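As structure tokens, the structure follows; a few thoughts come after it.
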Amino acid sequence: MWDVNPHLKASVGEGKLRFLCILTVWNLYIHFFFFGWCLLNDLRVFKNERFEKRREDLVYHSLVVPLGLFVGIAFWSIYLYDPDMMIPENVRQYFPAWYNHCLHTLIIPGSLIEGFCYFHQLPKRRSGISLLSKVLFSYGAIILYFGYFQQFWIYPLLRVLPFPLKLLFIAFCCCLVIFHYFVGEILNKLWWKNNIYEQ
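First residue of the sequence shown? That's 0 in numbering that gives the first Met the number 0, and the numbers climb one at a time after it.
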């Protein structure tokens, strides 16, 4: 897509790995991996089904729900305030509305419907937040690497903030993602009232 459209290429840059700076891409891969994994588990592909189910539940509660909720809510909140902060005007003409909704809207009901239709045991909170924190740290490190060493900030807001405020903004966003972890936990408990933590 970047090669076809010079505006998109200019927006994301020339580096082949710069797409890793986009949280939507991370979220897309995590959802694709998770639902593919669920399908294989349902088809009884794995020998140790119980172990795989526990890992599936951990990924669902630690990554799928918090990242899905955060990406959808954060994107649309900022987009409604100022679309250029998320997708520059010269890029939006190549970004059809249906595609935007596939990336930033469907992930919210998709994540929640999975949890309402299929019981996912809550992992120990320490394990869940630990996995989420590792992913957030990796993502933050990649953003800072490309921004600091290659002068490439994927989000326009980060381009204008001084460096200390960049760090503060990234830390604040990470805290919001962790907040969505607790939202997912509460929704799970409300829907599956007999739910207990993994022992």
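All residues carry an ideal CB built from backbone N, CA and C; glycine is no exception.
Predicted, not measured: the structure shown is a model, and the values here were computed from it.
Which whole-angstrom value is the C-beta distance of residue i and residue j, which I expect to be below 8 angstroms?
i	j	result
Val176	Phe69	5 angstroms
Val200	Gly114	No answer is possible for residue 200: the residues shown for the chain start at 0 and end at 198.
Trp75	His103	6 angstroms
Phe94	Ile86	6 angstroms
Does the beta-carbon distance from residue i to residue j come in below 8 angstroms?
i	j	result
Gly139	Cys173	yes
Leu57	Asn26	no
Cys20	Ile142	yes
Glu184	Leu130	no
Tyr80	Gly127	no
Within its chain, find whatever has a CB closer than 7 angstroms to the CB of residue i; leave out the 5 residues flanking it on each side and keep chain order.
i	result
Glu88	none
Trp152	Gly146 and Arg158
Lys52	Asn40
Phe33	Val58, Tyr59 and Val63
Leu22	Val70 and Tyr138
What is the rounded straight-line gap between the Cα of residue i and the Cα of residue j?
i	j	result
Asp41	Gln149	44 angstroms
Cys37	Phe18	26 angstroms
Ala9	Gly35	Its pLDDT being 46, under 50, Ala9 is placed unreliably in this model, and the value from its coordinates should be taken loosely. C-alpha separation (whole angstroms): 33 angstroms.
Tyr28	Pro163	30 angstroms
Leu160	Phe178	24 angstroms
Leu124	Ile112	The sequence shown places Arg at residue 124, rather than the Leu named in the question. Their backbone Cα atoms lie some 22 angstroms apart in a straight line.
Cys132	Ser61	The identity of residue 132 in the sequence shown is Ser, whereas the question assumes Cys. Approximately 9 angstroms, taken between the alpha carbons.
Tyr144	Tyr98	29 angstroms
Phe171	Gln92	31 angstroms
Pro82	Arg43	44 angstroms
Between residue i and the rest of its own chain, which residues show a CB-CB distance below 6 angstroms, the 5 nearest in sequence each way excluded?
i	result
Tyr59	His119
Trp191	Phe118
Ser110	Val63, Val64 and Gly67
Pro155	Met84
Tyr78	Met85
Lys165	Leu157
Arg49	none
Val24	Phe18
Leu186	none
Sorted by chain position, which residues of the same chain lie with C-beta nearer than 8 angstroms to residue i's C-beta, five sequence neighbours on each side aside?
i	result
Glu55	Phe33, Trp36, Cys37, Asn40 and His119
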